[in-house]
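Here the numbering used here runs 8 ahead of the position in the sequence shown, where the first position is 1.
Down below is the structure, laid out as structure tokens.
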Amino acid sequence: MGYEADWKADGKEAHPGKPEQPPCGGEPKQQPPVQPVVQPVVPPVADIVLAQDLSGSFANDLPNLQAPFLSNLNTNLTALGATDVAYGVTSFIDYPFPPFGTAGMDFIYNTNQPVTTNVATAQASLGTLAVGSGNDGPEAQLVALQQAALRGTTGEIGLRPGSDHFVVLATDAPYHVAGDFPAGGPNNNNTNLADGTGPGGVEDYPSIAQVADDLSVAGLHPIFAVTADQIPTYQALLNQMDALHPNIGGSVVMLSPDSSNLASAIVPGLMQTPAPMV
Ligand SMILES: [Ca+2]
Ligand SMILES: [Ca+2]
Ligand SMILES: [Ca+2]
9 MGYEADWKAD GKEAHPGKPE QPPCGGEPKQ QPPVQPVVQP VVPPVADIVL AQDLSGSFAN
69 DLPNLQAPFL SNLNTNLTAL GATDVAYGVT SFIDYPFPPF GTAGMDFIYN TNQPVTTNVA
129 TAQASLGTLA VGSGNDGPEA QLVALQQAAL RGTTGEIGLR PGSDHFVVLA TDAPYHVAGD
189 FPAGGPNNNN TNLADGTGPG GVEDYPSIAQ VADDLSVAGL HPIFAVTADQ IPTYQALLNQ
249 MDALHPNIGG SVVMLSPDSS NLASAIVPGL MQTPAPMV
């Protein structure tokens with residue numbers, strides 16, 4: 009929303025084609041000083057990691073993540089000043105047992121593609137994604153953010169030093185949080201997802217504070233690309249995380265129910281994020 013408004017204000021419509029004529033018989037009207045046109049900008053060097061919800065409601069979204077999804081995004085970013093953008097792909101659903109998820113269909117988190125400047129390679133990894141179930145409404149979004157941050161600066165995801173780091177969380181559901189699965193024991197906030205006391209070593213979900221800590225340390229700005237009904241939930245989450253670590257920044261943008269606007273939604277998300285973390 010902000011992007012369209014800013015674009016309109018800064019774009020062509022602010023510059024009528026005809027210069028204003030002086031009124032008939034009067035003195036020429038003094039022209040106001042020309043205001044510089046401030047174009048919206050995207051970070052020139054950025055790593056963008058997609059954290060893709062693969063619960064069942066994303067079956068109609070996956071076709072819109074196929075080519076030319078990433079090349080369109082890359083073209084848009086280049087036109088707005090980006091010079092060096094790398095893309096990574098991660099995905100999540102939920103724990104594969106009731107009530108959280110479904111055995112044989114669901115998983116908690118996957119790194120599908122480390123960040124790469126090869127758009128075709130990243131696009132190919134999107135082609136391998138398949139949806140599961142997710143069973144209950146909330147999913148493992150906080151685990152996805154936690155793992156993207158914890159694994160981001162390792163070779164597994166490979167965020168590049170010196171670039172601005174973003175994780176785009178695409179979802180249409182609220183998140184499970186610490187306390188939702190106490191039988192798993194406290195989440196110990198590491199990359200081992202099987203060192204708890206639940207089935208298969210599953211642990212409780214992380215807390216918002218743990219995830220905020222991880223994002224801050226990794227220098228990873230979240231862009232929440234969420235369906236309209238989830239905007240208040242994720243704006244509140246972002247506000248809580250920013251209150252803990254103001255350098256997280258981040259943004260919330262609206263995702264259409266079939267993700268057909270994802271590439272265009274990411275652009276204002278990048279623009280709204282304040283100064284990069286160091
Ligand atoms: Ca959908
Ligand atoms: Ca679920
Ligand atoms: Ca763990």
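We put the beta carbon where it would ideally sit given N, CA and C, even for glycine.
Please read all numbers here as calculations on a predicted model, not as lab measurements.
By the Cβ rule, the segment 175 to 190 counts as touching the segment 148 to 155, because three or more pairs are nearer than 8 Å. Around Tyr-242, the same chain offers Phe-232, Val-234, Val-260 as residues with beta carbons nearer than 6 Å, after the five sequence neighbours per side are excluded. In the DSSP assignment, Asp-172 falls within the unbroken beta strand (DSSP E) covering 172 to 179.
If you draw a straight line from the Cα of Val-123 to the Cα of Ala-244, it is about 29 Å long.
Each of Leu-134, Asp-221, Pro-230, His-253 was checked against the Cα of Thr-119, and the nearest Cα belongs to Leu-134.
According to DSSP, residue pairing for Phe-115 in a beta bridge does not occur.
At a cut-off of 6 Å, the beta-carbon of Glu-211 counts as near ligand 3: some heavy atom of the ligand is closer than that. Annotation: Pro-169 to Ala-54 spans about 10 Å, alpha carbon to alpha carbon. The chain-ordered list of residues whose CB is nearer than 5 Å to some heavy atom of ligand 1 reads Ser-65, Asn-68, Asp-69, Pro-265. Taking a cut-off of 8 Å for Cβ pairs, the segment 58 to 72 and the segment 95 to 105 touch, as three or more such pairs fall below it.
Judged by pairs of C-beta atoms under 8 Å, the segment 211 to 225 touches the segment 250 to 257, as three or more such pairs exist. The beta strand (DSSP E) runs of length 3 or more contained entirely in the segment 49 to 112 are, from start to end of the chain, 53 to 61, 92 to 100.
At a Cβ-Cβ threshold of 7 Å, Pro-104 and Asp-114 count as neighbours. For Asn-82, same chain residues with a beta-carbon under 7 Å away, outside a window of 5 residues either side, are Val-93, Val-127 in chain order. Setting aside the 5 residues that flank it on each side, Val-49 is surrounded in the same chain by Gly-89, each with a C-beta closer than 6 Å to its C-beta; the list follows chain order.
Membership of Val-260 in any alpha helix (DSSP H) is not indicated; the residue belongs instead to the beta strand (DSSP E) covering 259 to 262. Pairing Leu-228 with Leu-137 gives a Cβ-Cβ distance that is not under 7 Å. Secondary structure in the segment 127 to 196: the alpha helix (DSSP H) runs of 4 residues or longer, each lying completely within the stretch, are 127 to 134, 149 to 160 in chain order.
Under DSSP, Ala-233 shares a beta bridge with Ala-178, Val-261.
Per DSSP, Asn-247 is one residue of the alpha helix (DSSP H) stretching across 239 to 252. When C-alpha distances from Val-176 are compared across Phe-66, Ala-273, Gly-145, the shortest belongs to Ala-273. C-alpha of Phe-189 to C-alpha of Ala-111: approximately 16 Å in a straight line.
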